[in-house]
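I have placed the structure first, in the form of C-alpha cells, so that the comments after it can refer back to it.
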Amino acid sequence: MRFLIVSDAWHPQVNGVVRTIEATALALERLGHVARVIGPDVSRRTTFSAPSYPSIKLEFFARARLRREMDAFRPDAVHLATEGPLGWSARALCLAQGRSFTTAYHTRFPEYLAARAPRSAACSVLGATYAALRLFHAPAHAVMVATQSIARDLSTRKFKRIAQWSRGVDTAVFRPYQGQVAAYEGLRRPVLLCVGRVAVEKNLRAFLSLNTVGSKVVIGDGPDLAMLRKDYPDAHFLGAMEGEALGRHYAAADVFVFPSLTDTFGLVLLEACAAGLRVACLPAPGPVDLFSAPETAAFAALDHDLGRAVARALALPENAAGARKFAEGYSWEACTRQFLEAHQIASI
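Under the working numbering, the first residue of the sequence shown is numbered 3, with each subsequent residue one higher.
This is the structure:
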C-alpha cells in the first residue's frame, strides 16, 4: 500500500509526534509498503511560527499544494496525524474528493490550551476545543489513540470509531550505555532527569520545585526555557538532544521523572526504561496504562504526590535489566501493524 501521512509536526521539530511518525514511516517501508510524509513547507509566505513556539511552523492555505502532492503520489491510504492548519486543509481536500482517511489523537490540545488560559476561562476553553476536535475527527474512518485511558476519555466525549495505536522505542539508540557524560560530572547524586518540551503544559514546575535529594536535570527546548532557568537556578537545563547523545544522558542518570498530566502516552517513558532507569510519575493517562502490569512496580513508582513518587523510585533497587526487558516489548514494528490494521479495516 501507498501511505500518505500529513502532519503539522515534522522536521526540524523535535518531539514525540515527529518521532512516532518517522518511526512508523520507516517501519511501513520495512514491511514492504511505501510511505510519504508531508509536513509544513517553511519556505512559503503563508507559513508562520506558532504563538510562543518559534520552532513550530504552521502552514496555512495549503490545500492547493496538498492536492498537487496527493495527485502525484496517488496514495492508497491517507492519515492525518495532527489537527493543525495542514491537517484541516488535508481533511477538506479528502472530503471534497470523497477519499477516506484516518486521524490520530497525539496531543491533548484542550488541556494544553486550558493550562495557558486564565483560570476563569479554562472550562470554556476546554469545552470549545474538544468541540472543534470532535468536528475534525468526526469523518475519519478510524481515530487512533495510544492508550485505553485516552480511548475511554474520548469515547465519553462522543468521539467515534476509536482504534488502538500504541508506541515503540528504538532499543538500539536507547540502552544502558556504560560510563558517565560530561554534563553530569560534579553533580550531586542522584541525578533526577526530565526530558521533553519545556512548556507550561508539561508541568515542569512540579518537578523543579521538589524538595528532594540530588540534582535536577532537564533536557529539551521550548518557550518557557529562559523563564524556568531564571526561576530555578539550581536546576540544570541542557537544551535539546537527539539520538545517541540523548540515549547516553538517559543511561547516565539515576531516576527519570515524568511530571506531565496532559500527554497521551509519554514516549520518553519507554526511552527511559530502555536505558534501564527507574521512573517516577503521576498517575495520569499514559503512565497508568503503560505501568499497569504488576511487574512494572519493580522499576516504576506512580503517586499523586510527585515527591512521594520520586522517593519511592529512589528506594527501589536498581533494576536496569527489568526496565530494559519491559521496553523491549514495545517495538515500532508491532505498533505499525496496529496502524496497518486500522487502515485495512477502514478500507473494507
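Note that the Cβ used here is the ideal one computed from N, Cα and C, for glycine as well.
From a predicted model like this one, the values you see are computed outputs, not experimental measurements.
With distances taken Cα to Cα, identify the nearest neighbour of residue i among the options.
| i | options | result |
| --- | --- | --- |
| Gly129 | Arg101, Arg280, Ala144 and Lys160 | Lys160 |
| Thr264 | Arg4, Lys218, Pro289 and Ala242 | Pro289 |
| Gln182 | Glu85, Met243, Asp256 and Ala119 | Asp256 |
| Ala201 | Leu227, Trp334, Gln340 and Arg310 | Leu227 |
| Ala124 | Arg136, Leu135 and Phe111 | Phe111 |
| Val277 | Leu28, Ala27 and Val171 | For the sequence presented, residue 277 should be read as Ala rather than Val. Of the candidates Leu28, Ala27 and Val171, the one whose C-alpha sits nearest the C-alpha of Ala277 is Val171. |
| Thr214 | Val312, Leu33, Ala92 and Leu271 | Val312 |
| Val80 | Leu28, Val259 and Ile40 | Ile40 |
| Glu297 | Thr266, Ala329, Lys218 and Asp305 | Ala329 |
| Leu210 | Phe239, Gly188 and Pro225 | Phe239 |
| Phe3 | Ala29, Ala208, Pro87 and Phe258 | The sequence shown places Met at residue 3, not Phe. Cα-wise, what sits closest to Met3 is Ala29. |
| Ser168 | Leu279, Thr266, Arg310 and Arg280 | Thr266 |
| Leu355 | Arg101, Glu61, Gly18 and Gln15 | In the structure as shown, the chain begins at 3 and stops at 350. Residue 355 is therefore absent and cannot be evaluated. |
| Gln166 | Arg154, Ser91, Gly331 and Ala92 | Arg154 |
| Leu292 | Arg76, Ala325 and Val19 | Ala325 |
| Ile164 | Gln150, Val145 and Thr158 | Val145 |
Since residue i sits in a beta bridge, which residues does DSSP pair it with?
| i | result |
| --- | --- |
| Ser217 | Val193 |
| Phe260 | Cys283 |
| Val147 | Gln166 |
| Asp59 | The amino acid occupying residue 59 in the given sequence is Lys; Asp does not appear at that position. Looking at the DSSP assignment, Lys59 forms a beta bridge with Ser51. |
| Val8 | Ile40 and Leu82 |
| Phe239 | Val220 |
| Leu304 | Cys283 |
| Asp265 | Thr109 |
What are the boundary residues of the beta strand (DSSP E) that residue i is part of?
| i | result |
| --- | --- |
| Ala79 | Ala79 to Leu82 |
| Ser91 | Unbroken run through Ser91 is the alpha helix (DSSP H), Pro87 to Gln99; no beta strand (DSSP E). |
| Pro289 | Taken as a continuous stretch (DSSP letters only), Pro289 belongs to no beta strand (DSSP E), being part of the alpha helix (DSSP H) at Pro289 to Leu292. |
| Leu272 | Unbroken run through Leu272 is the alpha helix (DSSP H), Leu269 to Ala276; no beta strand (DSSP E). |
| Ala106 | Thr104 to Ala106 |
Distance, Cα to Cα, residue i vs residue j?
| i | j | result |
| --- | --- | --- |
| Phe50 | Arg191 | 43 Å |
| Arg65 | Tyr179 | 46 Å |
| Lys59 | Ser262 | 24 Å |
| Glu113 | Glu203 | 8 Å |
| Leu284 | His13 | 30 Å |
| Ala1 | Arg67 | Residue 1 falls outside the range modelled here, since the chain spans only 3 to 350, and no answer is possible. |
| Ala11 | Val44 | 12 Å |
| Val220 | Tyr132 | 31 Å |
| Asp236 | Glu85 | 37 Å |
| Cys337 | Met229 | 37 Å |
| Ala119 | Tyr55 | 16 Å |
| Val193 | Leu304 | 19 Å |
| Asn205 | Glu246 | 26 Å |
| Leu248 | Cys275 | 13 Å |
| Thr173 | Leu33 | 19 Å |
| Ile152 | Ala106 | 11 Å |
| Trp334 | Gln346 | 18 Å |
| Gly198 | Ala282 | 15 Å |
| Leu212 | Glu24 | 35 Å |
| Pro141 | Ala286 | 29 Å |
| Pro225 | Arg69 | 33 Å |
| Arg280 | Ala317 | 10 Å |
| Phe176 | Asp78 | 34 Å |
| Ala254 | Ala94 | 47 Å |
Determine the burial state of residue i: buried for a count of at least 16 other Cβ atoms within 10 Å of its Cβ, exposed for fewer.
| i | result |
| --- | --- |
| Ile350 | Model confidence at Ile350 stands at a pLDDT of 45, short of 50, so the residue's coordinates are unreliable and nothing is read from them. |
| Cys196 | buried |
| Arg339 | exposed |
| Asp223 | buried |
| Ala344 | buried |
| Glu273 | buried |
| Thr48 | exposed |
| Ala148 | buried |
| Ala299 | exposed |
| Met72 | buried |
| Ser122 | exposed |
| His306 | exposed |
| Ala83 | buried |
| Gly89 | buried |
Quick check on the DSSP output: the alpha helix (DSSP H) that includes residue i runs from which residue to which?
| i | result |
| --- | --- |
| Cys19 | The question names Cys, yet the displayed sequence has Val at residue 19. Per DSSP, Val19 belongs to the alpha helix (DSSP H) from Gly18 to Arg32. |
| Ala66 | Arg65 to Phe75 |
| Ala228 | Leu227 to Asp233 |
| Ala311 | Leu308 to Ala317 |
| Ala201 | Run containing Ala201: none; DSSP gives neither H nor E here. |
| Leu137 | Ala124 to His139 |
| Leu115 | Phe111 to Arg118 |
| Arg322 | Per the sequence shown, the amino acid found at residue 322 is Ala instead of Arg. Taken as a continuous stretch (DSSP letters only), the alpha helix (DSSP H) holding Ala322 covers Ala322 to Ala329. |
| Leu210 | Leu206 to Leu210 |
| Ala247 | Gly245 to Ala253 |
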